[in-house]
Ligand code: PMP
């Protein structure tokens, strides 16, 4: 080993889903939205000559639009480069205890990566056999709690009473609810913000707002938490949000009708697809998300993954304990899902 190598921060990075270059692929592997962003976004007037200037470091226009949308004050909203950026800032800002932070064993696989990167001790709590999170697992002393609601990759949602229970048992630490998929089912913990000053709710524009490529995410919480996040952000990179993201993000939030319509289409397609999965001999936890986590009684997930891939339909397979016989299938358009179902019929029937 060369002398300087011992001072390199060694991390095992998060592995994102494949982004193939081919355009003739049915892409159901990274939970993107199959519909385009709102026409208001597509027709927005960005004055690209303004790229000469630094963007607004406070991201005031987007913060203000989101605050209005959620009935909050501007100082209760923090915006970042996708919710990954917001979550990374959250880990850095709030998880500084010597006690371990807690999250489920089967969950968003970036949490342990950030914990390792920032040297935060963590403990995972096993989901039960039905893949449910058990509230009492989070009662003990800890350095913070985080889980997605709905959880990923299971798609299962918990109630607000469940979240309240976790909060009531964790008043001395920050509890983060990652609501990347909440628009597709379930109640937002936004409703609990007035009652709990240690709650942070994180959202993204990548799924329900069809803007994964733009990279916009945000957090909602009490003003002290948001200030703490901003202090860390401004100590790291003042200008994370570029000018087009701010303009296009605002336009998206303004188009509630289109947002509701596309979310509804995804939910209806999911309901249809779940029935088809049952017909084909798959089982799955009831999804409240824009994906279904399914396993087949006879054919292995790996085999289905490989065969659908050959047919240019990409789904997500995780070669990990407990879930290596499951596929996470993003909900595409009805037409895409019909093509997938036809292929699955060939493979499993
Ligand atoms: N949280 C969860 C649970 C996710 O599945 C994802 C998507 N990979 C993210 C956060 C991050 O999404 P983004 O950075 O695109 O906002």
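In the working numbering, the protein residues as written are 465 to 813.
Just so it is clear, CB atoms sit at the ideal spot from N, CA and C, and this is done for glycine as well.
{"Asked": "On the CB-based measure, 16 or more other CB atoms within 10 Å of its CB, does residue 664 come out buried or exposed?", "Found": "buried"}
{"Asked": "Taking the alpha-carbon of residue 566 as reference, which of 784, 544, 542 and 607 has the nearest alpha-carbon?", "Found": "607"}
{"Asked": "Can you find a heavy atom of the ligand PMP that lies under 7 Å from the Cβ of residue 721?", "Found": "no"}
{"Asked": "Measure the C-alpha to C-alpha separation of residue 569 and residue 587 and round it to an integer number of angstroms.", "Found": "8 Å"}
{"Asked": "On the three-pair Cβ rule with 8 Å, is the stretch 730-745 touching the stretch 471-490?", "Found": "no"}
{"Asked": "For residue 801, does the count of other Cβ atoms within 10 angstroms reach 16, so buried, or fall short, so exposed?", "Found": "buried"}
{"Asked": "Give me whichever residues DSSP pairs with residue 666 in a beta bridge.", "Found": "642 and 683"}
{"Asked": "Pull up the CB-CB distance for residue 618 and residue 595, whole angstroms please, since I reckon it's below 8 Å.", "Found": "4 Å"}
{"Asked": "Residues in its own chain within less than 6 Å of residue 753 by CB, not counting five upstream and five downstream?", "Found": "614, 619, 645 and 648"}
{"Asked": "Given residue 498, which residues of its chain have a CB within under 6 Å of its CB, disregarding the five upstream and five downstream residues?", "Found": "796 and 797"}
{"Asked": "Per DSSP, which residues does residue 758 bridge with? Please list them.", "Found": "791"}
{"Asked": "Spatial neighbours of residue 502 within its chain, please: CB distance less than 6 Å, with the 5 preceding and 5 following residues excluded, ordered by chain position.", "Found": "716, 719 and 722"}
{"Asked": "Put residue 559 into one of helix, strand or coil per three-state DSSP.", "Found": "coil"}
{"Asked": "Taking the beta strand (DSSP E) that residue 609 falls in, what are its first and last residues?", "Found": "608-612"}
{"Asked": "Between the C-alpha atoms of residue 707 and residue 581, what's the straight-line distance to the nearest angstrom?", "Found": "29 Å"}
{"Asked": "Is any beta-carbon of chain C found at less than 8 Å from that of residue 769?", "Found": "No chain C appears in the structure shown, which is made up of a single protein chain."}
{"Asked": "Within 10 Å of its beta-carbon, does residue 548 have 16 or more other beta-carbons around it, so buried, or fewer, so exposed?", "Found": "buried"}
{"Asked": "Grab me the residues of residue 711's own chain with a C-beta within less than 7 Å of its C-beta, minus the 5 sequence neighbours each way, in chain order.", "Found": "508 and 510"}
{"Asked": "For residue 670, is the beta carbon positioned less than 7 Å from some heavy atom of the ligand PMP?", "Found": "yes"}
{"Asked": "Between the stretch 668-687 and the stretch 723-731, do three or more beta carbon pairs fall short of 8 Å?", "Found": "yes"}
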